[in-house]
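Colleague: Residue numbers (UniProt numbering): 1 to 134.
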């Protein structure tokens, strides 16, 4: 746990609160512009302050995290939760989780090529799924 006067980098903080599995993944996310503060991209060396709200995109998952305390060492998940507040909108949280329960687009082996009607149905399923994630 860092003192309030200490400086703490955003990549180290995101790793310590277990948003990213490794610090290098957190650094790469910052460099790629997937971590934002007030709509602006954040460099990995940016200093974290209590009260800041960060928008983080990790693959298809989006998180909104408010800093409530500074943590410079990685700790267990139960402890890490007390150093940030998750302000992710409910619809995004459930949208990400329900995506894993989407129907699989898989055909049985030996059924041959899809007919024109089956192709339209497959394309309809795909477009429905992609439209929900935007």
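From the three backbone atoms N, C-alpha and C, an ideal C-beta is built for every residue, glycine too.
Just so it is clear, the structure is predicted and the values come from calculations on it, not from any experiment.
Can you tell which of 13, 47 and 58 has the C-alpha that lies nearest to the C-alpha of residue 74?
Modeller: Among 13, 47 and 58, the Cα nearest to that of residue 74 is on 13.
Colleague: In whole angstroms, what is the alpha-carbon distance linking residue 21 and residue 120?
Modeller: Distance between the alpha carbons of residue 21 and residue 120 is about 40 angstroms.
Colleague: How many Å lie between residue 16 and residue 81 at the Cα?
Modeller: Rounded to whole angstroms, residue 16 to residue 81 spans 10 angstroms at the Cα level.
Colleague: Return the bridge partner residues of residue 36 from the DSSP annotation.
Modeller: 41 and 55.
Colleague: How many angstroms separate the CA atom of residue 110 from the CA atom of residue 122?
Modeller: Each residue's alpha carbon lies about 18 angstroms from the other.
Colleague: Near residue 36, which residues of its chain fall below 6 angstroms by C-beta distance, leaving aside the five closest residues on each side in sequence?
Modeller: The answer, listed in chain order, is 55.
Colleague: Please classify residue 61: does DSSP put it in a helix, a strand, or coil?
Modeller: Note: residue 61 maps to strand in three-state DSSP.
Colleague: Cβ of residue 74 versus every heavy atom of the ligand ZN: is any distance shorter than 8 angstroms?
Modeller: Ligands displayed in this structure: none; no statement on the ligand ZN is therefore possible.
Colleague: Mark residue 11 as exposed unless 16 or more other C-beta atoms lie within 10 angstroms of its C-beta, in which case mark it buried.
Modeller: Buried.
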